[in-house]
Amino acid sequence: MSKIIVFLLLMTSVPLTSSFTAVHKFYVSVTQVEYNNEKNSLQVITSIFIDDIEDLIHERYDASVILGVDKEDPHVNKYLETYLRKKLTFVVNQKEVSFTYLGKEYEDDLIICYLEIENITSLETIKITNQVLMDLFEEQQNIVHVKKGNKRKSLILEKEREIGMLKFGK
């Protein structure tokens, strides 16, 4: 499984070309969820390609929005939070929980969104729905890594299979 994930991550930065096909872009996001036992919370980091999320914001909210540090529209955080609330959900220990959108930053060609889910006293099971960009790109894949202590489990979610469940036990 880890070899597949490394391959997918590697392939997202290298377009495939041949004499028979045009350049093909991979559509992928990576979400990392880490259980923080001391703070009784889940720390969530979602990394999405800037051009992909910008295309989505243009289509759904405002065609004139530009993402980036220099000339960013003041509504970008609201658009991101609204979209993520519709497309990213968590059920922890069979109870639906909501996240707090903390903000975002840019790193190379990625936008990195920070979320937090508070009042999580234990992490035994987590069901994640991640439909980020699946409504815009048919080939979208969303990789999810969940870490509890020294245990790490992963999911690859895609259209028609956008929900995954992981069990950690007590």
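The numbering of the sequence shown is our numbering, which starts it at 1328 and goes up by one.
Beta carbons are placed, not taken as given, at the ideal position from N, Cα and C, and that holds for glycine.
All of these numbers come straight from a predicted model, not from anything done at the bench.
Residue i, DSSP secondary structure in three states
i, result
"L1394", "coil"
"I1447", "coil"
"K1497", "coil"
"I1483", "strand"
"K1431", "strand"
"E1423", "strand"
"N1477", "coil"
"V1403", "helix"
"Y1441", "strand"
"L1460", "coil"
Alpha-carbon to alpha-carbon, residue j and residue i
i, j, result
"I1384", "V1459", "12 Å"
"N1364", "T1358", "19 Å"
"V1360", "L1369", "6 Å"
"Q1421", "Y1388", "33 Å"
"M1492", "D1400", "36 Å"
Beta-ladder partner(s) of residue i, from DSSP
i, result
"M1492", "K1454"
"N1363", "S1368"
Same chain only: Cβ atoms within 7 Å of residue i, ignoring 5 sequence neighbours per side
i, result
"V1403", "V1392, L1394"
"T1348", "In this prediction, T1348 has a pLDDT of 38, which is less than 50 and means its spatial position is unreliable; nothing more can be read from the coordinates."
Residues near residue i by beta carbon distance below 6 Å, same chain, minus five either side
i, result
"K1414", "Q1458, V1459"
"S1374", "V1357, L1437, I1439"
"T1416", "T1456"
"E1381", "L1394"
"K1474", "E1361"
"I1379", "It should be noted that the sequence gives Asp, not Ile, for residue 1379. Within the same chain, D1379 has close Cβ partners L1460."
Cβ pair count under 8 Å reaching 3, the region 1465 to 1474 against the region 1417 to 1428: no
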